[in-house]
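Here the structure is laid out as C-alpha cells; the discussion comes afterwards.
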Amino acid sequence: MGEADQGRVAVEGLVKHFGSVKAVDGVSLAAESGEFLALLGPSGSGKSTILMCIAGFETPDAGRITISDRDVTSVLPQRRNLGMVFQRYTLFPHMSVLDNIAFPLKMRGVGRAEREAQAREALATVRLADYGARMPAQLSGGQQQRVALARAIVYRPPVLLMDEPLSALDKALREEMQLEIKHLQRELGVTVVFVTHDQTEALTMADRIAVLDHGRLCQVGTPRELYEAPRDPFVARFIGETNMIDGRAAADAAVGSRVGIRLVGDTVVEATAMAPLTRDAAVVIAVRPERLVVSADSGGPVSGRVREAIYAGVATTYVLELATGATLRMRSATGANALDLPADGAVSLSWAAEDARAFAAEGA
Amino acid sequence: MTAATSARHLSATTTAALLTPFLVLLAIAFLLPLGVLLYESLFVPAPTVQHYAKVFDDPVYVRVLWRTIRISAIVTVATLVLAYPLALVMTRSKGAVLALLVACVLLPLWTSVLVRTYAWTVILQRNGIVNQLLQELGWTSGPVRLLYTEGAVALAMAHVLLPFMVLPIWASLRNIPDDYTRAAAMLGASPVRTFIEIVWPLSRPGVASGCLMVFLLSMGFFVTPALIGGPQQMMMATLVSQQVRELLNWPFAGALVGCLLVVTLGLVLAFNRALGLDRFVGTR
Amino acid sequence: MTSGRFILHAAAWAVVVFLMVPTLVVVPMSFGPAQHLQFPPTGFTLRWYSDYFADADWMSATWFSVRAGIIAAVGATVVGTMTALALVRGRVIGRRILDLLIVGPIVVPHIALAVALFLVFDRLRLNGTLVGFAIAHTVLAAPFAIFSVLAALYRFDADLEMAALSCGASRLRAFWHVTLPLILPGVLSGAMFAFIISFDEAVISFFISDIDGKSLPRKLFEDIDYNLTPVVAAVASLLSFVSIAVLIGGHVVGRMAARRRAG
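Chains as they are written, first to last, in my numbering: chain A, 39 to 402; chain B, 281 to 564; chain C, 51 to 313.
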C-alpha cells in the first residue's frame with residue numbers, strides 16, 4: 039500500500055435500491071488522501087446513502103468501495119477503522135464525556151491509563167479540556183457535537199465520515215464549527231467525506247464538492263469550478279444563484295464554442311455551448327446575477343424594467359422583468375461604483391458570451 | 281422500510297437465533313400441552329365429536345355454559361359502566377390527583393386476584409361486614425346467604441377485572457387532543473353533545489379492547505367463581521376443574537377447553553381484523 | 051362546578067372507593083386480635099403474622115414461590131429481551147403469526163393452560179416440581195417481559211448502536227455497552243412484572259402443585275376454601291405489600307436511572 043493512498047476513499051459503480059426506489063444509481067467518485075470532499079445535494083439525492091455505504095451501515099447492491107486501497111465492500115462497519123460523526127449528537131447518554139471519547143479505544147483493547155490520556159488529548163483538541171467529567175445531557179448542542187468529533191478522531195482513523203453534523207446547530211454556531219472542523223481536518227491530515235444539503239457549507243469547507251441529484255453524480259470539482267463552470271443546469275442552479283433563460287440554438291454548435299441563442303421575441307444573444315447543440319434545439323442559458331450587465335436605457339437587444347430593488351448591505355439585488363415576461367435577478371455590489379437603478383425604470387441587459395452557458399433544455 | 285441489505289438490521293440467521301428460545305418455550309409449555317389436551321378431546325377413546333356434543337346437549341352443561349356467558353356479559357357491561365367515568369376523570373386530572381387515581385387503578389392490578397377474591401369472601405361471609413350492616417340497619421333479621429350466589433360472583437369479578445377496562449379506555453381518551461373538544465366547544469357544542477360527537481367515537485377502540493379483555497378473562501375465570509360461586513354457581517372454568525380433579529374425565533375437560541379456545545381465538549382474530557392486535561397488547 | 055361535572059366526579063370517586071374497599075377491609079382485619087375475622091378490629095396484634103412466619107407449611111410454600119418467581123423472572127426477561135430485539139432489529143418472517151403467538155399466553159384462559167400443563171406435566175413427572183413451575187410461569191410472564199423491553203427499545207435511539215459500531219464495537223459489545231445499559235429500566239421493570247406474575251399466579255399453581263411442592267397462592271387458595279383464619283388475612287396483606295413494594299421499587303429504579311443520565 040502506497041503511503042500516499044493511506045486514507046483514500048473510492049466508490050466505483052455504486053448502486054443501492056430501497057425497495058423500488060433507486061437511491062444511488064451508478065456513482066463513482068473518490069476522496070484523495072487528506073482531502074475534504076463534500077457530498078452535496080437535495081434530500082433524496084443519495085448523498086447520505088453513499089456515506090452509509092462507505093461506513094458499512096448499508097450494503098450496496100452493486101459496485102465496489104475501497105478505503106486506503108483495500109476493498110471493504112463486504113467488511114463489517116466496525117472493522118473499517120473509520121471515524122463517524124452523525125447528524126444528531128449520538129453521544130452515549132449513560133457515559134461521561136471522557137468515557138464516550140475513550141469508548142473506541144476500549145473497543146480496540148487500549149489499556150485504561152493510555153485510554154484516558156488519549157481521550158484527554160482529543161478533548162483538548164476540540165477545546166473542551168475541562169468537560170471530561172460531565173454527562174452529555176449537561177452540554178450544549180455545539181459542545182456535544184465537538185465531543186462526538188473528538189470521539190471520532192481519538193483513534194486517529196485515516197478517514198472521517200460526517201453526515202450533516204452541523205444541521206442541528208443554529209447559524210452562528212454552525213459557521214464557527216465549519217471553520218473549526220476545517221482547521222482540525224488540516225491539522226490531522228485526515229480524509230473527510232462530508233454530507234450536506236447546504237451549498238454555502240460545502241463551498242466554505244470542501245476542497246472538492248460532489249453534486250448529486252436523484253442518485254446520480256452531476257459533477258465533481260473544486261468550489262470555484264462548480265460555481266464558475268457548472269456542467270449541467272442542475273449544478274448551475276444548486277450552487278449559487280443563477281438566472282435561467284429559455285431559448286433555441288440559432289445554429290449547430292460544439293461543446294465550448296460560442297453560439298447564438300434565439301430568445302422569445304426573436305432577439306439573438308451569445309452564449310457558450312455546454313453540450314453539443316443542433317440548430318433550433320431548445321436550450322436554457324444560465325447567467326449568474328452578478329455577471330449581468332445592466333444599463334439604464336431601453337435601447338439594448340434585451341430590455342426590461344426594474345420590478346424591485348432589494349438592498350442587502352454588501353450588494354443590491356434587482357429583480358428585473360423582461361419584455362418577454364421572464365424574471366431575472368441581477369446583483370450589484372454596493373460601494374463607490376454602485377449601480378443605482380430607479381424602481382420601475384427601463385433597463386437593457388447584456389452579458390459576455392463566456393458568462394452565459396447554454397445547456398440542452400431538460401426534458402427536451 | 282429499509283431494504284434487506286443494511287447493517288442497521290440483524291441478519292435473518294441472528295433474528296432466528298434470538299427468537300429460538302421463545303419459540304421453543306412456547307412450543308413445549310404452551311402449544312404442546314394445549315395440543316395434547318385437544319387431542320384427548322377429539323381422539324380418545326376413538327376419533328369422535330361426542331365430547332363436544334355433550335357440552336351442548338346435556339342440560340346440566342348447557343346451564344353452565346349459559347351462566348358463564350351471562351355472568352361474563354354482565355361483568356363486561358358493569359365494568360364498562362364503572363370504568364368510563366373514572367377514565368374520563370383521570371383524563372381531566374393532573375398532578376397528585378392523577379397520581380392517586382392511577383395508583384388506585386394499578387395497585388389492585390398488582391395484587392393477586394386471589395387476595396382480592398379473598399377480601400370479597402370476607403366481606404360477604406355469613407358474619408361478614410355486609411351481613412352485620414344489614415342486621416344493624418334492621419333490614420334483615422338474620423344473616424343472609426351472600427356467598428355462592430350469582431350476584432356475588434358477578435360483583436367480585438367486576439371488581440377484580442375493573443382495571444382491565446379502565447386502562448385501555450383511559451389510554452384512548454388520553455390520545456384525544458384537547459384541541460378537538462375545545463374546537464367543538466368553540467363551535468357551540470354543549471359538553472354532552474361534545475361527548476356524544478367527539479369523545480365517545482374516538483374512545484371506542486379503547487372501549488373495544490377493554491370489553492374484549494374483560495369478556496375473555498371472565499369466560500375462563502377460575503379463582504373467583506371457585507371461591508365465591510362454589511359448586512352451586514359453576515362456570516366453565518370450575519366445571520373444567522371438576523372434570524379433571526374429581527372425575528378424571530380428560531376428554532370432556534378437553535372439549536370444554538376447546539370451546540373456550542374457539543371463543544378466545546374467534547374474538548381475538550375479530551379484534552385483530554377490526555383494530556389490529558398491537559392496539560390490544562398495548563393495554564396492559 | 052356544573053352539576054354534570056359534579057355527577058361525573060362523584061361517580062368516579064365512588065368507583066375508586068369500590069376498587070380500594072376490599073384491601074382496606076382485609077389489611078386492618080389482619081391486625082385484629084379476634085380468632086374470627088372481625089371488622090372493625092377491636093385491638094392490635096401481630097400474632098397472625100408471627101403465626102405465619104412460624105408455620106413450616108406457610109414458609110415452605112413461600113420459599114417455593116420465591117424461587118419459582120426468581121427463575122421465571124430471569125427466564126422471562128432473558129427470553130423476552132432476545133425476542134424484543136429480534137422484533138425491533140431483526141428480519142422476522144411471519145410477523146403476524148408471531149404477534150399472535152406472543153399474545154397467546156395472555157389471551158388464552160389460564161384454566162385452559164393450567165389443565166393442559168397438569169396433563170402433560172403428569173406424564174413428565176413435573177407436577178409439584180420447581181422446574182415445572184418455572185417453565186409454566188416463564189411462558190406466562192414472557193409476553194409481558196417482551197412488551198416491557200419492546201417499549202424501551204422503541205424509546206432507544208438506534209443511531210447510538212450505529213455510533214458504537216463506527217467506534218469499532220462488535221454487535222455484541224455494542225449491545226452490551228450501549229443498548230443494554232440504556233434499555234435496562236425497561237428490562238428490570240419487565241423482570242419485576244414477571245416475578246409478580248409468577249408470585250401471584252393462582253390458577254396454574256392450583257393444578258400443578260402437589261402435597262410436597264406447592265406455591266404460596268395454592269396454599270392460600272386451600273386455606274381460604276377450608277379454614278378462614280386471620281392468618282390468611284395476614285398472608286393476603288403481606289402479598290399485597292410485596293406487590294406494592296415491587297411496583298414502587300421498580301418506579302424508583304427507573305427514576306434513578308433517568309436522574310443519573312441527566313448528570
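Glycine is no exception: its CB is placed at the ideal position from the N, C-alpha and C atoms. Remember, predicted model here, so these are calculated numbers, not experimental data.
Please classify residue i: does DSSP put it in a helix, a strand, or coil?
i, result
"D63/A", "strand"
"R117/C", "helix"
"H439/B", "helix"
"E526/B", "coil"
"K264/C", "coil"
"D393/A", "helix"
"I267/A", "One detail in the question is off: residue 267/A reads as Ala in this sequence, not Ile. Here A267/A sits in coil by DSSP."
"G51/A", "strand"
"D273/C", "helix"
"M282/A", "strand"
"C256/A", "strand"
"L278/C", "coil"
"L200/C", "helix"
Let me make sure I understand the geometry here. Which of the options has the alpha-carbon closest to that of residue i?
i, options, result
"A361/A", "S370/A, A381/A, S386/A and G101/A", "S386/A"
"L496/B", "L545/B, L305/B and P531/B", "L545/B"
"H252/A", "S71/A, A287/A and S86/A", "S86/A"
"C91/A", "G147/A, G51/A, S58/A and E70/A", "G51/A"
"D335/A", "Y265/A, A398/A, P380/A and G57/A", "P380/A"
"T504/B", "H160/C, H59/C, I258/C and L222/C", "H160/C"
"A274/A", "E70/A, D393/A and P196/A", "D393/A"
"A464/B", "R454/B, V479/B and W450/B", "V479/B"
"A188/A", "V47/A, H132/A, T128/A and R254/A", "T128/A"
"G185/A", "F124/A, A371/A, T355/A and E225/A", "Note on identity: in this sequence residue 185/A is Val, with Gly being the wrong assignment. Comparing Cα positions, the closest option is F124/A."
"V258/A", "T242/A, L75/A, T104/A and E218/A", "L75/A"
"G490/B", "T518/B, N455/B and L442/B", "L442/B"
"A353/B", "I308/B, V494/B and V393/B", "V494/B"
"P80/A", "K60/A, Q237/A, G45/A and F56/A", "Q237/A"
What's the gap between the Cα of residue i and the Cα of residue j?
i, j, result
"G40/A", "M173/A", "Because G40/A carries a pLDDT of 49, less than 50, the predicted location of this residue cannot be relied on, and the following value inherits that uncertainty. Taking the straight line joining both Cα atoms gives about 42 Å."
"Y319/B", "G534/B", "8 Å"
"F501/B", "S255/C", "14 Å"
"F271/C", "M212/C", "52 Å"
"M499/B", "L290/B", "41 Å"
"S483/B", "L78/A", "47 Å"
"G180/A", "M215/A", "8 Å"
"L426/B", "V165/C", "29 Å"
"K264/C", "H187/C", "14 Å"
"A151/A", "I147/C", "52 Å"
"T111/A", "L360/B", "59 Å"
"T179/C", "V524/B", "20 Å"
"L238/C", "G300/C", "7 Å"
"G93/C", "M79/C", "10 Å"
"T371/B", "I261/C", "48 Å"
"S58/A", "L163/C", "46 Å"
"S205/A", "Q182/A", "13 Å"
"L250/A", "G84/A", "7 Å"
"R97/C", "Q415/B", "30 Å"
"G94/A", "R102/A", "12 Å"
"R553/B", "I156/C", "18 Å"
Since residue i and residue j are thought to touch, with beta carbons under 8 Å apart, how far apart are those beta carbons, to the nearest angstrom?
i, j, result
"A434/B", "A363/B", "15 Å between Cβ atoms; not a contact."
"P365/B", "A61/C", "4 Å"
Runs of 3 residues minimum, wholly inside the region 283 to 321 of chain B: which ones carry the beta strand (DSSP E) assignment? none
Tell me the start and end of each unbroken alpha helix (DSSP H) in the region 85 to 111 of chain A that is at least 4 residues and wholly inside, in chain order. 85 to 93
Would you list, in sequence order, the uninterrupted alpha helix (DSSP H) runs of no fewer than 4 residues that lie entirely inside the region 151 to 217 of chain A? 179 to 191
Name the residues in the region 93 to 110 of chain C whose C-beta lies less than 7 Å from a C-beta of chain F; which are they? Within the model displayed, chain F is absent; protein chains A, B and C are what it includes.
At which residue ranges does the region 325 to 388 of chain A contain complete beta strand (DSSP E) runs of 3 or more residues, listed in the order of the chain? 331 to 333, 340 to 349, 353 to 360, 365 to 371 and 384 to 388
Unbroken stretches of the alpha helix (DSSP H), 4 residues or longer, contained in the region 376 to 408 of chain B: 393 to 404
Only counting runs of 4 or more residues, tell me where the alpha helix (DSSP H) segments fall wholly within the region 53 to 99 of chain C, in order along the chain. 53 to 80
May I have a chain-ordered list of the alpha helix (DSSP H) segments no shorter than 4 residues that lie completely inside the region 446 to 476 of chain B? 458 to 466 and 471 to 474
Contained alpha helix (DSSP H) runs [length at least 4] in the region 131 to 204 of chain C, N- to C-terminal order: 145 to 157 and 160 to 174
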